[in-house]
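Some notes on the structure that comes next.
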Amino acid sequence: MTDCEVCGRGFGTSDRLKQHVTDSIPHSPDHLTLCCLRCTSKSFTTKLARQQHLLGSPKHRVCKLCPEHWDFETKKQLKHHFKIEHPGQSVGNAQLEANGLIEVTDFRTLRDATNEATRGTPSEPQVQGHLESESAPATPLDRFFLSYATFRYDASLPPTASFEALIRHCRWKRGTDELRDARAEYQRALRQEVDVWFGREDDIGAWHTLCRAVGIRRPPSTIEECTQVLRNTHVNIVDLIEWGRNRAVGSVQVFQTRDDLVEYSREHAKIFPVKEVQANGETNVVLRHLLRRFRTRHSGVARAQFSKHGMDKYKFPSDPVAHKASTITGSNYRFTVIKPTVLRYEWSPDGTFEDRASTFAINRKFDKPDYSVKETEDQLEIVTPSLHLSYDKKRFSPNGFLVTFINKATLWGSEWRYGGEHDGGNLGGTARTLDGVNGRCDVGDGILSRSGFANLDDSESMLFDGEGFVAPRKSGDRIDGYLFSYGQDYKGAMRDYHDISGKQPLVPRWALGNWWSRYHAYNDKEYLDLMNKFEDQKIPLSTAVIDMDWHLVHEEQVTHTGWTGYTWNKSLFPDHVAFCKDLHERHLKITLNDHPHAGVHHFEDLYEKVAKAMGYDTSDNAPILFTPTDPNFMHAFLNVLHRSLEEDGCDFWWIDWQQGPYSRIPGLDPLWLLNHFQYLDDSIQRNGSGAIIFSRYGGPGSHRYPVGFSGDSISTWESLAFQPEFIATASNVGYGWWSHDIGGHVAGSRDDELATRWTQYGVFSPVMRLHSSNSEWMGKEPWGYRDEYAAILRHFMRLRHRLVPYIYTMNVNAAASDEPLVQPLYWSHPGRGIAYDLRNQYTFGSNLVVRPVTGRRDTRTNLASEKVWVPPGRHVDIFNGYVYDGDREINMYRPLQSFPALAREGAVIPLDKALEPRNGCFNPEGYEVLVVVGQDGEFTIVEDPKDDSAESSKSTEATEERHIKIEWDQKLGQLKTTSKGKQWKFNFLSVRTISPTLSVVIDGLETPDVVVTTQTHAASSHTPYSMTVELPKLPNADCAILVDLGADPQLGVIDRNSQIHAMLQDAQIDYGTKDQIWSIVRSSEPASTRLGKLMTLNLEGNVLGPVLEVLFADSREA
């Protein structure tokens, strides 16, 4: 093998090398004076012969005004050159046809002539790179870039980089004729450049050069053999050009698939003019072989390789371009005062800034805020109502970029420096997953901080291209961040966040019920029998989760590990359509698990259908790789692969992506692509409402795609102890719909108490989903636990469905008001230190404060203890009716049947009246309303008529949202509502006595057929102290209801002695200690005296604590 030292081509013999040197472009140092640089097939033995050729050929047009532009291909190009470089000068027809020739013997002469023509010597050479060598010829690309006299052309840069630099230099705008013409000339030069570095397809030397370019160091000796070696080779043609221009050093990147090549070409803007080549006969080895193979293998898709393949239907509302009046821009920086409390800051080395929507920021256009600017040559100050920025106009640094905040969130004030110390006051956000986490994990930063500000770095996030697909950010040293300044107005900060990042969507009502999930290879009979068992136990469900064994996994035809699959396993589900229909008839929604990372393999039923949609050649059964950055693949993935399975019964998808944030295009996270497009696709299928996916968290902005799957929980008390805090801090990044593996998925040990406490927490979390592994021993069926626990599990799973009217209304309010169902205490009480300390206590909707129990019971008292802060105002525990003075810390002790769940005075909480609700979470036939007297209160229940049961919907044709307002007037002691065709029961918590004046008035007439009862607290029957008023079935759908308790009713005072006596009776302690406690409790001494005596007993906290709670929770005397 013999190689040409100049161009790198390989030849089998020295004779072939000599013939190549003789026939191809001359390789001598005086090439420039002996060869026509555009007519590359013509060379001359003397300079005079070459000069005569140029002057006599109509192809050559020379500008006399600037010697470096001595060769133009078209009249249009020469005219454009005069317009740009010589404004005011004219060019005549004679000059257009042929110009005088300025002889240039080498590039040093050319450079000198260039400097003189541009009236000044530049500080750096305008022609660099390979043009510095006297022996290197000017190529079509060189001539193109050199046709712009004032452009500083660096031939060592890739052509794409030079063209982008030229666009900035000439300040061409998108869509203009100037840019369009220049791009056409550039693409023509690209086409001609291929001929410079690669020869004809009938030249073995050209084939050898192509082999070397793709890394084949020992090319075959025949053209036929080269053709076979290069079969199915995917390379970028612009890369091949760069390889030639770089003197054939190394080799170009070779891609495994056409999709990889498309992604790479789009990312780096290395687009070769395919259409022009297709329109002309080609003999070049690259253009004939590579493009022919591309067209043949992919059935004509070459013409559309960069189109969006129908993805434009996935455009979504956004307004990402800020008002120009809100921006302050310099050569390399831009600041945008988005809102009075939000500042965007950007740095760009080339002065180009990003106006496309990002995964976080989809809206940036708001009314111009009030702000002022002070500027000097080296200093910039921006002052808004919430902050003061000082900046030195240099690359952002801790010394040069300082923001001080105008609030009193801290005693010492707050400031932020770019790149400075991390804000220790940040209150946290959430994490991508809890996979493998046993206890706490890092939840990153959220929008809220005790320092009164937060910084969100958006520099690395994915972008939306505005045409239905996504794009990476530009490369280089670029910074894009947002500063939120809010003091202690946490709710205001989150409203700003949602204004910029989008609202949290409404979750469908059925998603708020109980989900059944287990990683287990059920067959259809086993699964349906399981559903029958739930019905027999009167435990309602709303969602049937089918984990990965629905598809082929271990079967012989599966050619990978089996995690990915799209073909129902016929041995387990002989008739999967009938199976899905059966579940639907039980009012259950179905979600299928999808681990998409392995793509679609030839054994799948839908392989050929997906391949046809993509134009993919299946002749060799090659797998269709998972390439979410390819719009062609994503369109087929959603509209063919998933859609076919949806038509068979899948209601929504569990997207179980576990492979990390990397794709073939840096910056495009597969999880983001899956979440975004799957959610939008589901929304389209549901006509814009009720969309849902089930997937992991991707980062700020993920709240737009509920519901979140937190991963494989470890079944330990440590895991449970962290999850309440985890869902609460997630609200600090707007992520309001986490779903956990309730009870734990893996590891741990059998612990019925843990399972029960975890389920109680799950009932008072955003999404209640039981889940476990395929272990024989880890099933979460409630009847599989010991009787004590099983009864409680059944009760709480029923309670979850009874709570749906309250939760769904909070769901509607969250979508409108940016206040999620679960909130940390400090959202409402930012000035109270205790609100930050009790991380596992949170608000559950507007009327409840809960503190799940996350520790074991004390074996002596059978009670578990949790420290609770009662917010200001008197509160009642909805489970036992205990009354608590407000604004205090107290240890609360609870039996297995309950945990602290407090409702403030004036709270109104609607429940489904049915004690054993049905599957599906339909709008209820009747309501039980919990009411806490003591302050005025109201609640408006929201119902969507499409959530009516089939029986109810027959009686109404309503389509608009229904609102049922319930009002409590404390002064009058009256509750008012309208019947709306429902049955009604009102439960006045901790009201101990029935007023003799109590009355119920329906449509102005007093109704005697009312059942009024009082009840005392009994943990075993889950009843609190309360008085209930149950109405008869009402005569029409819109009756006015008034329940009158008498003026200014008050919460009752519990019988402390009876409660303490019951505790002591059950306590597993010595009798003498019981006697001592009881003697002190029942004495008539002042409370302070009794407290002192009890403390002298030196009892452990878990023994004495329950007594103290009952004695001193409510300061009022009976």
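Numbering-wise, the sequence shown is residues 1 to 1118 according to UniProt numbering. Backbone N, C-alpha and C define an ideal beta-carbon position, used for all residues, glycine too.
Straight-line gap, residue i to residue j (C-alpha atoms, nearest Å)
i: D154; j: A165; result: 10 Å
i: L402; j: K976; result: 56 Å
i: Q658; j: S695; result: 10 Å
i: L606; j: A213; result: 38 Å
i: H1086; j: R888; result: Per the sequence presented here, residue 1086 reads as Pro, with His not at that position. Answer to the nearest angstrom: the Cα atoms are 21 Å apart.
i: N840; j: P724; result: 5 Å
i: L337; j: P385; result: Note on identity: in this sequence residue 337 is Val, with Leu being the wrong assignment. Distance between the alpha carbons of V337 and P385: 11 Å.
i: T222; j: E185; result: 36 Å
i: E461; j: R478; result: First, the amino acid is wrong: residue 461 is Ser here, not Glu. Spanning the two alpha carbons is a distance of roughly 12 Å.
i: D1114; j: I878; result: 15 Å
i: H1022; j: S817; result: 34 Å
i: D741; j: G711; result: 7 Å
i: D319; j: E354; result: 13 Å
i: V249; j: L210; result: 13 Å
Residue burial classification, residue i (beta-carbon count within 10 angstroms, cutoff 16)
i: S719; result: buried
i: N236; result: buried
i: W777; result: exposed
i: N923; result: buried
i: P820; result: buried
i: L915; result: exposed
i: M1095; result: exposed
i: L389; result: buried
i: S156; result: exposed
i: N732; result: buried
i: K729; result: Note that residue 729 is Thr in the sequence shown here, rather than Lys. Classification for T729: buried.
i: H745; result: buried
i: Q678; result: buried
i: E604; result: buried
i: S28; result: Bear in mind that a pLDDT of 40 at S28, under 50, signals an unreliable position, so the model cannot answer this.
i: A302; result: Any reading at A302 is ruled out, since the residue's pLDDT is 34, under 50, leaving its predicted position unreliable.
i: P1106; result: buried
i: D944; result: buried
i: L1005; result: exposed
i: E242; result: buried
i: N774; result: exposed
Check whether residue i and residue j have beta carbons under 8 Å apart
i: residue 1138; j: F144; result: The first residue shown for the chain is 1 and the last is 1118, placing residue 1138 beyond what the model contains.
i: T859; j: V1103; result: no
i: L848; j: I890; result: no
i: N514; j: R800; result: yes
i: V373; j: I406; result: no
i: T433; j: V443; result: no
i: F652; j: I692; result: yes
i: D752; j: R786; result: yes
Beta-carbon contacts of residue i that lie in its chain and below 7 Å, excluding the five residues immediately before and after
i: T46; result: Because T46 sits at a pLDDT of 44, beneath the cut-off of 50, its placement in the model cannot be relied upon, and the following sentence gives the value as read from the coordinates. Closer than 7 Å at Cβ, skipping near neighbours: no residue.
i: L528; result: D582
i: R417; result: P398, F401 and L402
Below-8 Å beta-carbon distance, residue i vs any chain B residue
i: T618; result: The structure shown contains no chain B; it is built from a single protein chain.
Neighbourhood of residue i by C-beta distance below 6 Å, restricted to the same chain and skipping five residues each side
i: L141; result: P159, A189 and E193
i: N523; result: L572
i: F764; result: F844 and V850
i: A521; result: D549
i: N426; result: D445 and S449
i: H602; result: N621
i: F796; result: T759, Q760 and V763
Close Cβ partners of residue i (< 8 Å) along its chain, the five nearest in sequence each way excluded
i: P574; result: D524
i: G649; result: H576, V577, F579, C580, K581, L583, H584 and I590
i: D465; result: R356 and A471
Residue i Cβ short of 7 Å to the ligand MN heavy atom set
i: I1060; result: The model depicted lacks the ligand MN and carries no ligand whatsoever.
Identify every run of the alpha helix (DSSP H) within the segment 515 to 592, keeping only runs that are complete inside it and at least 4 residues long; order them along the chain.
524 to 536 and 576 to 585
Entirely within the segment 364 to 435 and at least 4 residues each: give me those alpha helix (DSSP H) ranges in chain order.
none
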